[in-house]
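Below is one structure, written out as structure tokens; the observations come after it.
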Amino acid sequence: MDLGTLTADTAIAEQLRTYLSKIDDMPDAEEFRTSLGLLPLPQMVEETGTFRSFRLVEMLGGIILDDPGTSNHHMLIGASPLAGMVFYLSHDGGSRVVFDDLAAYLAATEVAFEAADFLDEHHPAHAPLAADQAGLHAFLADVGSQDDGDEAIVPLLPSLDLSDPDFLIALIGDDFMIGEAVAEEITRRPAEYLLSVAQFCESFPHPQVSRPGAKALQAIAAL
Numbered sequence: 426m427d428l429g430t431l432t433a434d435t436a437i438a439e440q441l442r443t444y445l446s447k448i449d450d451m452p453d454a455e456e457f458r459t460s461l462g463l464l465p466l467p468q469m470v471e472e473t474g475t476f477r478s479f480r481l482v483e484m485l486g487g488i489i490l491d492d493p494g495t496s497n498h499h500m501l502i503g504a505s506p507l508a509g510m511v512f513y514l515s516h517d518g519g520s521r522v523v524f525d526d527l528a529a530y531l532a533a534t535e536v537a538f539e540a541a542d543f544l545d546e547h548h549p550a551h552a553p554l555a556a557d558q559a560g561l562h563a564f565l566a567d568v569g570s571q572d573d574g575d576e577a578i579v580p581l582l583p584s585l586d587l588s589d590p591d592f593l594i595a596l597i598g599d600d601f602m603i604g605e606a607v608a609e610e611i612t613r614r615p616a617e618y619l620l621s622v623a624q625f626c627e628s629f630p631h632p633q634v635s636r637p638g639a640k641a642l643q644a645i646a647a648l
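Numbering-wise (the working numbering), the sequence shown opens with residue 426 and increments by one.
Structure below.
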């Protein structure tokens, strides 16, 4: 089956080809795939076709990599500005980018296999930042102007470098889902220059934002 079924991006196709070949070359390839729910190409195409009906997956050009039977999946992002990164698609919150690339994803699967763990037990504590921050800013600004933009913005915020306070405040606007997510990111990554954003969140009329906003202010004060 041709990788062109999944992506028209030659670089992404080559990364997938390398990834699949490395698994095929493992002496215990079938056990490795089965234990972690890693998809061979035909099933990858089938699952991706199903999941492309979800807006976030379609926007990111997502390619489904696994089905561990937990209703959560990892997917390779095929579209800019995060192309090549691996995203964790969680059914109950916590969706975010988890690996810089397929090589890091494969390395983590090998560790999980040896430990007989689920792969999500070996996620990094923090999402890797996007290499193309300017592109991510532009992407989020565009998505933010659309209906239900928070569906894409919230899970991508952990990969934003939070370098532009004015942009963050504009991105929040009157959306409490985005406001909550921004406040939580500031709590995880406090910096004095983010004080104005934390104050904006703390003064938000909805407690879903004001409470994490207060925590963000505390995190900054503790620096």
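Positions of the beta carbon are idealized from the N, C-alpha and C atoms, including for glycine.
As the structure is a computational prediction, the values presented were derived from the model and not from experiment.
Under the three-state DSSP convention, the category H548 falls into: For the purposes of this step, residue 548 is taken as the residue at position 123 of the sequence shown. Three-state DSSP puts H548 in coil, outside helix and strand.
Which residues DSSP lists as bridging D491, in chain order: Sequence index remark: in the sequence shown, residue 491 carries index 66 (1-based). Per the DSSP secondary-structure output, D491 pairs in a beta bridge with L463.
What is the DSSP secondary structure of M500, counted as helix, strand or coil? On the sequence shown, position 75 is the one that residue 500 refers to. Three-state DSSP puts M500 in a strand.
Beta-carbon proximity list for V579, same chain, < 7 Å, skipping 5 on both sides: Reading the sequence shown from its first residue, position 154 is the one you call residue 579. Cβ within range, chain order: M602, I603, A606.
Which whole-angstrom value is the C-beta distance of D492 and G518, which I expect to be below 8 Å? Within the sequence shown, numbered from 1, the residue matching residue 492 stands at position 67. Within the sequence shown, numbered from 1, the residue matching residue 518 stands at position 93. That belief does not hold up - the Cβ atoms of D492 and G518 are roughly 19 Å apart, past 8 Å.
Taking contact to mean at least 3 C-beta pairs separated by less than 8 Å, is the stretch 581–588 in contact with the stretch 543–557? Because the criterion of three Cβ pairs below 8 Å is met, the stretch 581–588 and the stretch 543–557 touch.
Which residues share a DSSP beta bridge with V523? Counting from 1 along the sequence shown, the entry for residue 523 is found at position 98. Bridge partners of V523: none, in fact.
DSSP three-state assignment for L507, whether helix, strand or coil: Stepping through the sequence shown from its first residue, residue 507 is reached at position 82. DSSP, reduced to helix, strand and coil, places L507 outside both helices and strands of the structure shown, so it counts as coil.
Does the distance from the CB of G509 to the CB of I437 come in under 8 Å? Here residue 509 refers to the residue found at position 84 of the sequence shown. Here residue 437 refers to the residue found at position 12 of the sequence shown. For G509 and I437, yes; Cβs fall inside 8 Å.
What are the partner residues of L481, as DSSP defines its beta bridges? Here residue 481 corresponds to residue number 56 of the sequence shown, with the count starting at 1. DSSP output for L481 lists no bridge partner at all.
Note down the Cα distance separating P506 from L565, rounded to an integer number of angstroms. Residue 506 sits at position 81 when you count from the first residue of the sequence shown. Residue 565 sits at position 140 when you count from the first residue of the sequence shown. Computed Cα separation, rounded: 10 Å.
Could you work out which residue in H631, Q624, L527, G638 is closest to Y444 when comparing CA atoms only? The residue you call residue 444 lines up with position 19 of the sequence shown. It is L527.
When you compare each of A639, P615, L490 to L514 by their alpha carbons, which one comes out closest? As a working mapping, residue 514 is identified with position 89 in the sequence shown. The shortest Cα separation from L514 among A639, P615, L490 belongs to L490.
With distance defined between alpha-carbon atoms, name the residue in H498, T435, I645, R480 nearest to S621. Walking along the sequence shown from the start, residue 621 turns up at place 196. Of H498, T435, I645, R480, the residue nearest in Cα terms is I645.
According to DSSP, simplified to helix, strand and coil, what is L431? Taking the sequence shown and counting its residues from 1, the one referred to as residue 431 is at position 6. Reduced to three states, the DSSP call for L431 is coil.
Between which two residues does the alpha helix (DSSP H) harbouring Q633 extend? In the sequence shown, counting from the first residue as 1, residue 633 sits at position 208. DSSP places Q633 inside the alpha helix (DSSP H), whose first and last residues are 632–646.
On a CA-only basis, which of P590, L593, F592, D599 is nearest D573? Give me that one, please. Position 148 of the sequence shown, counted from the start, is the residue given in the question as residue 573. Looking at the Cα atoms, D599 is the closest of the given residues.
What residues match up with L514 in a beta bridge as DSSP calls it? Start at 1 with the first residue of the sequence shown, and residue 514 comes out as number 89. As a beta-bridge residue in DSSP terms, L514 pairs with H498.
Where the alpha helix (DSSP H) through P590 begins and ends: Residue mapping note: residue 590 aligns to position 165 of the sequence shown, counting from 1. That run of the alpha helix (DSSP H) goes 590–597.
Whether V523 touches H548 by CB criterion (8 Å): Working through the sequence shown from its first residue, we reach residue 523 at position 98. Working through the sequence shown from its first residue, we reach residue 548 at position 123. Yes, these two residues count as a Cβ contact at 8 Å.
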